[in-house]
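Residues in the sequence shown are numbered consecutively from 1, following UniProt numbering. Using N, Cα and C, we set each Cβ at its ideal position, and we do this for glycine too. Here the structure is laid out as C-alpha coordinates; the discussion comes afterwards.
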Amino acid sequence: MSTSPTEDTRFGEGPSWHTEDFDIPAYLAATGAEHLGGAPATVDALTELHKAHVHTFPFANVDILLGTRHGVAPRDVQDRLVRRHRGGYCFDHAQIFAAAAEHLGFEVTRHLGRVHSEHNSRTHMTVMARIDGERWLCDPGFGFSLSTPILVADGAESSGAGRTFTLSEAGEGASRRWSLWRDGELQHVTDELPVWPVDVVEGDLFASTHPSAPFPNHLMCMRHTDAGHVTLTETTRTDRPSGGMTSHAEIGPDDVLAGLEELGISLDNSESSQLREWLQAR
(Lines of atoms letter the chains of each structure in order from A and count residues from 1; the text may use other names and numbers.)
(Lines give C-alpha, C1' and ligand atoms only; values in the text may rest on other atoms or scores of the structure.)
Protein backbone atom coordinates (compact mmCIF):
# COMPACT_ATOMS: atom_id res chain seq x y z
CA MET A 1 0.00 0.00 0.00
CA SER A 2 1.32 3.44 -0.95
CA THR A 3 1.20 6.34 1.48
CA SER A 4 2.36 8.87 -1.09
CA PRO A 5 0.51 12.17 -0.64
CA THR A 6 0.07 12.60 -4.39
CA GLU A 7 -3.34 12.73 -6.01
CA ASP A 8 -4.76 9.32 -6.91
CA THR A 9 -6.57 9.87 -10.20
CA ARG A 10 -8.21 6.43 -10.04
CA PHE A 11 -10.44 7.46 -7.17
CA GLY A 12 -13.70 8.85 -8.47
CA GLU A 13 -13.44 7.31 -11.94
CA GLY A 14 -15.63 4.30 -11.14
CA PRO A 15 -17.65 2.61 -8.41
CA SER A 16 -14.71 1.27 -6.39
CA TRP A 17 -13.96 2.84 -3.02
CA HIS A 18 -10.42 1.38 -3.24
CA THR A 19 -10.52 0.31 0.38
CA GLU A 20 -7.54 -1.95 -0.31
CA ASP A 21 -5.43 1.23 -0.24
CA PHE A 22 -6.16 1.71 3.46
CA ASP A 23 -3.82 0.15 6.00
CA ILE A 24 -6.56 -1.00 8.36
CA PRO A 25 -4.21 -2.77 10.82
CA ALA A 26 -2.34 0.54 11.24
CA TYR A 27 -5.66 2.35 11.71
CA LEU A 28 -6.81 -0.14 14.34
CA ALA A 29 -3.46 0.11 16.12
CA ALA A 30 -3.72 3.91 16.18
CA THR A 31 -7.17 3.73 17.77
CA GLY A 32 -6.28 0.92 20.18
CA ALA A 33 -9.00 -1.24 18.62
CA GLU A 34 -6.82 -4.12 17.32
CA HIS A 35 -8.68 -6.52 19.59
CA LEU A 36 -11.84 -6.06 17.51
CA GLY A 37 -10.28 -8.06 14.69
CA GLY A 38 -12.02 -11.44 14.62
CA ALA A 39 -14.71 -10.32 17.08
CA PRO A 40 -18.41 -10.66 16.12
CA ALA A 41 -19.89 -7.69 14.23
CA THR A 42 -22.14 -6.57 17.07
CA VAL A 43 -23.54 -3.21 18.16
CA ASP A 44 -21.10 -3.24 21.08
CA ALA A 45 -18.15 -3.70 18.70
CA LEU A 46 -19.38 -0.94 16.38
CA THR A 47 -19.84 1.36 19.37
CA GLU A 48 -16.33 0.65 20.56
CA LEU A 49 -14.87 1.33 17.12
CA HIS A 50 -16.80 4.60 16.75
CA LYS A 51 -15.81 5.85 20.19
CA ALA A 52 -12.18 4.90 19.62
CA HIS A 53 -12.14 6.76 16.30
CA VAL A 54 -13.53 10.08 17.56
CA HIS A 55 -11.27 10.00 20.61
CA THR A 56 -8.20 9.39 18.43
CA PHE A 57 -8.51 11.44 15.25
CA PRO A 58 -9.27 15.17 15.40
CA PHE A 59 -11.65 16.95 13.08
CA ALA A 60 -9.36 19.57 11.52
CA ASN A 61 -8.78 21.60 8.37
CA VAL A 62 -5.14 22.52 8.99
CA ASP A 63 -3.91 21.05 5.68
CA ILE A 64 -6.33 23.27 3.76
CA LEU A 65 -4.97 26.41 5.43
CA LEU A 66 -1.38 25.27 4.79
CA GLY A 67 -2.11 24.39 1.16
CA THR A 68 -1.02 20.78 1.65
CA ARG A 69 -4.29 18.91 1.16
CA HIS A 70 -3.97 16.50 -1.77
CA GLY A 71 -7.48 15.16 -2.20
CA VAL A 72 -9.61 12.47 -0.65
CA ALA A 73 -8.37 9.20 -2.18
CA PRO A 74 -7.89 6.46 0.45
CA ARG A 75 -4.09 6.50 0.41
CA ASP A 76 -4.13 10.27 1.02
CA VAL A 77 -6.66 9.89 3.83
CA GLN A 78 -4.47 7.21 5.42
CA ASP A 79 -1.43 9.46 5.12
CA ARG A 80 -3.23 12.48 6.56
CA LEU A 81 -5.05 10.85 9.48
CA VAL A 82 -2.90 7.93 10.55
CA ARG A 83 0.67 8.62 9.43
CA ARG A 84 0.99 12.42 9.66
CA HIS A 85 -1.53 13.06 12.46
CA ARG A 86 -3.09 16.06 10.74
CA GLY A 87 -6.76 15.39 11.34
CA GLY A 88 -9.38 15.74 8.64
CA TYR A 89 -13.06 16.28 8.06
CA CYS A 90 -16.01 14.11 7.11
CA PHE A 91 -14.80 12.78 3.75
CA ASP A 92 -11.61 11.56 5.44
CA HIS A 93 -13.14 10.21 8.65
CA ALA A 94 -16.17 8.51 7.11
CA GLN A 95 -14.16 6.78 4.39
CA ILE A 96 -11.57 5.20 6.64
CA PHE A 97 -14.18 4.35 9.28
CA ALA A 98 -16.36 2.62 6.66
CA ALA A 99 -13.37 0.65 5.37
CA ALA A 100 -12.42 -0.41 8.91
CA ALA A 101 -16.00 -1.45 9.69
CA GLU A 102 -16.15 -3.53 6.50
CA HIS A 103 -12.80 -5.08 7.41
CA LEU A 104 -14.32 -6.10 10.76
CA GLY A 105 -17.30 -7.76 9.06
CA PHE A 106 -19.95 -5.03 9.16
CA GLU A 107 -22.28 -4.35 6.24
CA VAL A 108 -22.06 -0.61 5.61
CA THR A 109 -23.43 2.01 3.26
CA ARG A 110 -22.02 5.48 2.68
CA HIS A 111 -24.31 8.51 2.70
CA LEU A 112 -24.18 12.24 2.01
CA GLY A 113 -26.08 14.99 3.73
CA ARG A 114 -26.63 18.72 4.06
CA VAL A 115 -25.21 20.67 7.01
CA HIS A 116 -27.57 22.80 9.15
CA SER A 117 -30.22 23.14 6.44
CA GLU A 118 -31.98 21.04 3.81
CA HIS A 119 -31.18 23.82 1.35
CA ASN A 120 -27.38 23.53 1.61
CA SER A 121 -25.17 21.41 -0.64
CA ARG A 122 -24.47 17.74 0.11
CA THR A 123 -21.07 18.20 1.71
CA HIS A 124 -21.31 15.92 4.74
CA MET A 125 -20.55 12.18 4.72
CA THR A 126 -21.84 9.60 7.19
CA VAL A 127 -21.88 5.81 7.40
CA MET A 128 -24.70 3.41 8.23
CA ALA A 129 -24.03 -0.13 9.47
CA ARG A 130 -26.64 -2.89 9.37
CA ILE A 131 -26.68 -5.30 12.32
CA ASP A 132 -29.37 -7.95 12.86
CA GLY A 133 -31.83 -6.16 10.59
CA GLU A 134 -31.32 -2.73 12.19
CA ARG A 135 -29.28 0.18 10.90
CA TRP A 136 -27.00 2.38 12.97
CA LEU A 137 -25.88 5.86 11.93
CA CYS A 138 -22.18 6.51 12.48
CA ASP A 139 -20.96 10.10 12.30
CA PRO A 140 -17.21 10.09 12.98
CA GLY A 141 -16.43 13.21 10.93
CA PHE A 142 -18.70 16.05 12.01
CA GLY A 143 -16.53 17.66 14.67
CA PHE A 144 -19.01 17.85 17.53
CA SER A 145 -21.48 15.08 16.88
CA LEU A 146 -22.11 11.52 17.98
CA SER A 147 -19.46 9.81 20.05
CA THR A 148 -21.25 6.48 19.51
CA PRO A 149 -23.65 5.20 16.82
CA ILE A 150 -27.35 6.00 16.97
CA LEU A 151 -30.15 3.65 15.89
CA VAL A 152 -31.66 4.72 12.57
CA ALA A 153 -35.23 5.17 13.77
CA ASP A 154 -37.52 8.14 14.09
CA GLY A 155 -37.09 9.61 17.58
CA ALA A 156 -33.95 7.63 18.45
CA GLU A 157 -31.71 9.31 21.04
CA SER A 158 -28.08 9.17 22.03
CA SER A 159 -25.97 11.19 24.46
CA GLY A 160 -22.38 12.32 24.53
CA ALA A 161 -20.27 15.11 26.03
CA GLY A 162 -23.28 16.18 28.06
CA ARG A 163 -25.48 16.69 24.99
CA THR A 164 -28.53 14.83 23.67
CA PHE A 165 -28.66 13.80 20.02
CA THR A 166 -31.95 12.93 18.34
CA LEU A 167 -32.76 11.47 14.93
CA SER A 168 -35.94 12.32 13.03
CA GLU A 169 -37.26 10.85 9.78
CA ALA A 170 -38.86 12.62 6.83
CA GLY A 171 -39.80 11.66 3.28
CA GLU A 172 -40.23 8.27 1.64
CA GLY A 173 -38.34 6.15 -0.86
CA ALA A 174 -35.62 8.06 -2.68
CA SER A 175 -36.54 11.23 -0.76
CA ARG A 176 -36.19 9.57 2.65
CA ARG A 177 -33.88 11.51 4.90
CA TRP A 178 -32.71 11.59 8.49
CA SER A 179 -32.16 14.76 10.49
CA LEU A 180 -29.68 14.72 13.37
CA TRP A 181 -30.36 17.23 16.15
CA ARG A 182 -28.09 18.23 19.04
CA ASP A 183 -30.05 19.61 21.99
CA GLY A 184 -32.80 20.61 19.58
CA GLU A 185 -30.53 22.29 17.00
CA LEU A 186 -30.31 20.77 13.52
CA GLN A 187 -26.83 19.45 12.74
CA HIS A 188 -27.29 17.82 9.34
CA VAL A 189 -29.79 16.04 7.11
CA THR A 190 -28.66 12.73 5.61
CA ASP A 191 -30.45 11.29 2.59
CA GLU A 192 -30.59 7.75 1.22
CA LEU A 193 -29.61 8.43 -2.38
CA PRO A 194 -26.77 6.30 -3.78
CA VAL A 195 -23.27 7.68 -3.19
CA TRP A 196 -20.31 7.08 -5.48
CA PRO A 197 -16.65 8.07 -5.04
CA VAL A 198 -17.02 10.89 -7.58
CA ASP A 199 -19.63 12.49 -5.28
CA VAL A 200 -17.05 12.56 -2.50
CA VAL A 201 -14.37 13.98 -4.81
CA GLU A 202 -16.68 16.78 -5.89
CA GLY A 203 -17.92 17.47 -2.37
CA ASP A 204 -14.36 17.64 -1.08
CA LEU A 205 -13.36 20.00 -3.90
CA PHE A 206 -16.16 22.40 -2.98
CA ALA A 207 -15.58 22.18 0.78
CA SER A 208 -11.82 22.67 0.55
CA THR A 209 -11.55 25.31 -2.19
CA HIS A 210 -14.76 27.27 -2.75
CA PRO A 211 -14.51 30.89 -1.53
CA SER A 212 -17.85 30.62 0.30
CA ALA A 213 -16.93 27.40 2.13
CA PRO A 214 -15.81 27.78 5.76
CA PHE A 215 -12.76 25.50 5.62
CA PRO A 216 -10.53 27.73 3.42
CA ASN A 217 -11.37 30.76 5.58
CA HIS A 218 -11.42 29.64 9.22
CA LEU A 219 -9.42 27.31 11.42
CA MET A 220 -11.47 24.45 12.85
CA CYS A 221 -10.13 21.74 15.12
CA MET A 222 -12.30 19.59 17.37
CA ARG A 223 -12.02 16.33 19.25
CA HIS A 224 -13.82 14.24 21.81
CA THR A 225 -11.67 13.81 24.91
CA ASP A 226 -11.96 11.80 28.10
CA ALA A 227 -13.21 14.99 29.79
CA GLY A 228 -15.77 15.95 27.13
CA HIS A 229 -15.21 17.88 23.91
CA VAL A 230 -12.90 20.70 22.78
CA THR A 231 -13.29 23.10 19.83
CA LEU A 232 -10.56 25.45 18.58
CA THR A 233 -10.94 28.26 16.04
CA GLU A 234 -8.45 30.97 15.11
CA THR A 235 -9.68 33.13 18.01
CA THR A 236 -11.62 30.95 20.46
CA ARG A 237 -11.37 27.80 22.55
CA THR A 238 -14.57 26.09 23.71
CA ASP A 239 -14.49 23.35 26.36
CA ARG A 240 -17.59 21.23 26.87
CA PRO A 241 -16.94 19.00 29.88
CA SER A 242 -19.26 16.05 30.37
CA GLY A 243 -21.71 17.01 33.08
CA GLY A 244 -20.26 20.52 33.41
CA MET A 245 -20.72 24.03 32.11
CA THR A 246 -19.44 25.00 28.67
CA SER A 247 -16.66 27.60 28.73
CA HIS A 248 -15.47 29.93 25.96
CA ALA A 249 -12.14 31.75 25.97
CA GLU A 250 -10.57 34.17 23.53
CA ILE A 251 -7.10 32.93 22.55
CA GLY A 252 -4.08 34.12 20.58
CA PRO A 253 -1.75 32.35 18.14
CA ASP A 254 0.40 30.76 20.87
CA ASP A 255 -2.68 29.29 22.54
CA VAL A 256 -4.01 28.04 19.19
CA LEU A 257 -0.79 26.24 18.33
CA ALA A 258 -0.57 24.71 21.81
CA GLY A 259 -4.20 23.65 21.56
CA LEU A 260 -3.63 21.98 18.21
CA GLU A 261 -0.79 19.96 19.69
CA GLU A 262 -2.97 19.06 22.68
CA LEU A 263 -5.69 17.75 20.36
CA GLY A 264 -3.25 15.62 18.39
CA ILE A 265 -2.30 17.76 15.38
CA SER A 266 1.34 17.29 14.40
CA LEU A 267 3.13 20.29 12.82
CA ASP A 268 6.81 20.74 12.04
CA ASN A 269 8.56 24.06 12.71
CA SER A 270 7.99 25.38 9.19
CA GLU A 271 4.29 24.52 9.29
CA SER A 272 3.88 26.07 12.73
CA SER A 273 5.48 29.28 11.46
CA GLN A 274 3.27 29.33 8.38
CA LEU A 275 0.14 28.77 10.43
CA ARG A 276 1.22 31.42 12.93
CA GLU A 277 1.47 33.95 10.08
CA TRP A 278 -2.03 33.00 8.95
CA LEU A 279 -3.35 33.41 12.51
CA GLN A 280 -1.68 36.78 12.98
CA ALA A 281 -3.30 38.03 9.78
CA ARG A 282 -6.82 37.31 11.04
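Helix, strand or coil: which one does DSSP assign to residue i?
i           : result
residue 324 : No answer is possible for residue 324: the residues shown for the chain start at 1 and end at 282.
V108        : strand
L146        : coil
A170        : strand
L267        : coil
L275        : helix
F59         : strand
R75         : helix
E20         : helix
L36         : helix
L219        : coil
M1          : Per-residue confidence for M1 stands at a pLDDT of 42, beneath the threshold of 50, marking its modelled position as unreliable; no derived number is given.
Q280        : helix
A99         : helix
P15         : coil
T47         : helix
A94         : helix
A52         : helix
Throw me the rounded Cβ distance for the residue i and residue j pair, which I believe falls under 8 Å.
i           : j    : result
residue 355 : F142 : Shown here, the chain extends from 1 to 282; a query on residue 355 therefore has no answer.
G203        : F97  : Contact doesn't hold; Cβ gap of about 16 Å is too wide.
G113        : T126 : 6 Å
V115        : T123 : 6 Å
R80         : G88  : 5 Å
H53         : P140 : 5 Å
L232        : L260 : 7 Å
D23         : V82  : 7 Å
H111        : D191 : 7 Å
L36         : A30  : Not really, about 13 Å apart at Cβ, beyond 8 Å.
A73         : A101 : About 19 Å separates the two Cβ atoms, so there is no contact after all.
F64         : S208 : Here residue 64 is Ile; the residue named in the question, Phe, does not match the sequence. About 5 Å separates the two Cβ atoms, so the contact holds.
S179        : S168 : 5 Å
Tell me which residue opens and which closes the alpha helix (DSSP H) that residue i is part of.
i    : result
I131 : Not the alpha helix (DSSP H): I131 falls in the beta strand (DSSP E), residues 122-131.
T31  : 24-31
R84  : Here R84 belongs to no alpha helix (DSSP H), and DSSP marks it neither H nor E.
G203 : 197-209
L260 : 253-262
Looking at the unbroken beta strand (DSSP E) that takes in residue i, where does it start and where does it end?
i    : result
R182 : 177-182
H188 : 185-191
R69  : Note, R69: premise wrong, no beta strand (DSSP E); not H, not E.
R135 : 134-138
List the DSSP bridge partners of residue i.
i    : result
H248 : T238
G228 : P241
T164 : S159
R10  : DSSP lists no partner for R10.
R114 : R122, V189
L65  : According to DSSP, L65 bridges with nothing at all.
L151 : W136
If you measure from the CB of residue i, is any heavy atom of the ligand COA nearer than 7 Å?
i    : result
G252 : As far as ligands go, the structure on display features none, and thus does not contain the ligand COA.
### Message
With three or more C-beta pairs closer than 8 Å as the rule, is the stretch 219-226 touching the stretch 55-62?
### Response
yes
### Message
Is it the case that the stretch 32-52 contacts the stretch 66-80, given that we only count it when at least three CB pairs across the two stretches are under 8 Å?
### Response
no
### Message
With a threshold of 8 Å, are at least 3 pairs of Cβ atoms found where one atom belongs to the stretch 267-274 and the other to the stretch 235-242?
### Response
no
#### Entry: Contact between the stretch 237-256 and the stretch 150-166 (3+ Cβ pairs under 8 Å)
yes
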